[in-house]
Structures are given as C-alpha cells and as structure tokens.
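Here the structure is laid out as structure tokens; the discussion comes afterwards.
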Amino acid sequence: MKKFIFTSILLGISLFASDYKDTKSYSSQNDLYVKECASCHMGFQAEFLPKRSWNKIMDSLDNHFGVDATFDKNDENAIRKHLLKNASDSKRVYREIRVFSDSISKYSTPLSISKIPKFKKEHREVPKRAIIQKELKSISNCMACHTDAKDALYNERNILIPNFGRWND
Amino acid sequence: MKLIALLLLAFSLSYSSVVTDYLNTLASEAKRVSSDFKIFDKERGKNLFVSKHIGKKGKLVSCVSCHTNNFSQRGEHILTGKIIEPLSPRVNPERLSELRTIKKWLKRNFKDVYRREGTALEKGDVLTYIISKD
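Going down the list, the protein sequences come from chains E and U.
The first sequence lines up with residues 59 to 227 when you count with our numbering.
The second sequence lines up with residues 11 to 144 when you count with our numbering.
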C-alpha cells in the first residue's frame, strides 16, 4: 500500500510538472497566437476586425478557408480571448488599422481583412500580376510587400513589392 | 567528433521516444477496437499516404499532394501555397519532436484528405510509414 501511494504521488508530480512546463513555454497569449496561427499565415493584428468577426472565425476553425485549423480546445479558448480583448471594437485602435476597421459596416461580419472596404480600396490599383507572382501568392500575404507588417507598420514608406519596387500613390 | 556523435545519439533517442510512446498509445487503442490487431504496417501506411481521395475542398488529393513522397524535401500546400518543411526528422529535427503537434496535424490532415479523423490503426500505420523512410 505504501508503495502504491508513493508511486501515485510520483506520477502526480510528473503529470503536474509536464503540465506546468507546457503552459510556461508560452508565457503570454500572444506567443500562443504566434505559435498556433502564425505558423501558417501572418499573425494578423486582432485590431483589424471586430469581435463578431473573430468569434465567427474561431467558431469555424474546422473549415478555415478550406482547411482544418482546429487545435487544442484550451488553446483555442485562450486565443479567442486574446482576439476579443484586442478586437477593433474592444479598445482604441490607431493609424492604418484604425482607418481600415472604421470602414467596416456594423451590419457586416468580414471573415478576412482583405474583405474590409478600405482594404479593397487601398489595394485596387495593385496590378494583378504583382499579386499572383510566386513571391506573393495571395493578397493575404501582407509581409510580402508590407515589410514591417508584423510590427503593424503599414504606411507607404514600408512598402516594397517584389519585382515591382516601391509603391507611391 | 565523439561529442557530436553522442549529441546525435541523444537527439535521435529523444525524438524516437516521443514517436515510440505515441505509437504504443495508438497500438493499445487499436487493440481495444479490434482484438485482431497485431502490429502497425508501413505498407498500409504507404497506401493511406499515397492514395487519392475527394478532400475537404472537393478536390482529388492525397498526403503526397502537399508533402510530396520524398520526405527529405520541402513540400508546398496545394491550396494555400504554404511551404511545408520536410517530414523526415533526420533532415528536419523539429519534425515528430512534440506530441501535441503530431496529434494536431494527424487530426487536421486526415480531415483535409479523408474528410474524417483517422482511426488509431490508420494513424499508427501512417506514422510507421513516415519513420520507416528515415
């Protein structure tokens, strides 16, 4: 009996220890967002879209733009929390992101940033052949041209279109 | 030189223990489902990996469509264009090193190709195929 208790304590400690390590490796929810979301596409700033958009996106991860993007439920909840906390209608948003999110009608629920009216307007003059080239692949690949998109810097000085050069309006 | 060899050995042992542990879990699950289960089979795994099915987007796809069948080479996602690092842990040390990542991608990719989650038997077979090529 003594041996049994000892083993279960050991087991308990080891289970706890592994669990502890798991949550500690990403100290903030942002790290988790980068790990789970930005391993496939850019870690789009939560500030671009309102809460209703993020909720809808998180509710349909099993068919996320045609692929299954589900992951651990606890992690999904943590990321949803991060997105809702930083959504465009949760706090004050600045600069280009503010201009974009302000253009979203309160009756619409865009599921991608490229569906935002102001996004479309700002990108309509970009030649199609620039977008479909292999360096870009798609309009949702922000970092291909907005070299500092990761740091939420979307102004003109930070644009360099591969094989096309700088962009001036 | 000796040190490098030792480090390599330690590394290969650590990677294989994650996979071996998971294969053992899958084996006991498979045994529970069917008492006929003996061992995982890389030929069945290969068939799962290369055979084509109507996937999530209504396209005829297999695992090969994105991963290629050369595991020391990079692949490219046929829908999103995402570069997929090699499946071989020998070439890509991060591959098969973390249980939660292995589980996550097996679940997702079965759903993308087979439109359902794989069974324990299927997951074990396909994993056995992947490590057999290393």
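The beta carbon of each residue, even a glycine, is placed where N, CA and C say it ideally should be.
Which residues does DSSP list as the beta-bridge partners of residue i?
i	result
residue 105 (chain U)	Answer is none; residue 105 (chain U) lacks a bridge partner.
residue 64 (chain U)	U:70
residue 224 (chain E)	E:218
residue 3 (chain U)	Residue 3 (chain U) falls outside the range modelled here, since chain U spans only 11 to 144, and no answer is possible.
residue 122 (chain E)	E:125
residue 204 (chain E)	E:217
If the cut is a Cβ gap below 9 Å, which residues of chain E does residue i touch?
i	result
residue 122 (chain U)	124, 125, 126
residue 97 (chain U)	Under the 9 Å cutoff, chain E gives no residues; its nearest Cβ is about 16 Å from residue 97 (chain U).
residue 128 (chain U)	Near residue 128 (chain U) there are no residues of chain E at all, since even the closest Cβ is about 12 Å away, more than 9 Å.
residue 56 (chain U)	Here the premise fails: no neighbours, minimum Cβ distance about 23 Å.
Using a C-beta to C-beta distance shorter than 7 Å, which residues of chain U count as neighbours of residue i?
i	result
residue 131 (chain E)	In chain order: nothing, as chain U lies at least about 12 Å away.
The alpha helix (DSSP H) spanning residue i covers which residue range?
i	result
residue 112 (chain E)	109-117
residue 158 (chain E)	153-160
residue 133 (chain E)	131-143
residue 79 (chain U)	Per DSSP, residue 79 (chain U) belongs to no alpha helix (DSSP H) and is neither H nor E.
residue 311 (chain E)	Any answer about residue 311 (chain E) is impossible in this case: the structure gives chain E only from 59 up to 227.
residue 141 (chain U)	130-142
residue 92 (chain E)	87-94
residue 125 (chain U)	Taken as a continuous stretch (DSSP letters only), residue 125 (chain U) belongs to no alpha helix (DSSP H), as it is neither H nor E.
residue 100 (chain U)	Here residue 100 (chain U) belongs to no alpha helix (DSSP H), and DSSP marks it neither H nor E.
So residue i contacts chain U; which residues on that side make the cut at Cβ distance below 9 Å?
i	result
residue 196 (chain E)	90, 91
Between the alpha carbons of residue i and residue j, how many angstroms are there, rounded?
i	j	result
residue 176 (chain E)	residue 86 (chain U)	31 Å
residue 106 (chain E)	residue 156 (chain E)	7 Å
residue 29 (chain U)	residue 121 (chain U)	21 Å
residue 229 (chain E)	residue 27 (chain U)	Nothing can be reported for residue 229 (chain E): it is not among the residues displayed for chain E, which extend from 59 to 227.
residue 178 (chain E)	residue 172 (chain E)	6 Å
residue 122 (chain E)	residue 115 (chain E)	7 Å
residue 147 (chain E)	residue 68 (chain U)	36 Å
residue 143 (chain U)	residue 103 (chain U)	15 Å
residue 71 (chain U)	residue 149 (chain E)	43 Å
residue 184 (chain E)	residue 154 (chain E)	18 Å
residue 90 (chain E)	residue 54 (chain U)	35 Å
residue 48 (chain U)	residue 33 (chain U)	13 Å
residue 94 (chain U)	residue 76 (chain U)	8 Å
residue 145 (chain E)	residue 141 (chain U)	43 Å
residue 131 (chain E)	residue 125 (chain E)	17 Å
residue 163 (chain E)	residue 135 (chain E)	27 Å
Would you mind telling me which residues of chain U sit closer than 8 Å to residue i, beta carbon to beta carbon, in chain order?
i	result
residue 98 (chain E)	90, 92
Would residue i count as contacting chain C if we go by Cβ distances under 7 Å?
i	result
residue 67 (chain U)	Checking the listed chains, one finds no chain C in this structure; the protein chains it contains are E and U.
In chain E, which residues lie less than 8 Å from residue i when you measure between Cβ atoms?
i	result
residue 62 (chain U)	The contacting residues do not exist; residue 62 (chain U) stays about 17 Å from chain E at best.
Just the chain E side, please: which residues come within less than 7 Å of residue i by C-beta, in chain order?
i	result
residue 133 (chain U)	Within chain E, no residue comes near residue 133 (chain U); the closest Cβ sits about 15 Å away, beyond 7 Å.
residue 105 (chain U)	None at all; the shortest Cβ gap to chain E is about 13 Å.
residue 110 (chain U)	130
- prompt: So does the region 33-41 of chain U actually touch the region 115-132 of chain U, counting three or more Cβ pairs closer than 8 Å?
  reply: yes
task: Mind the definition here: the region 86-106 of chain E touches the region 186-202 of chain E only if three or more C-beta pairs lie below 8 Å; say whether that holds.
output: yes
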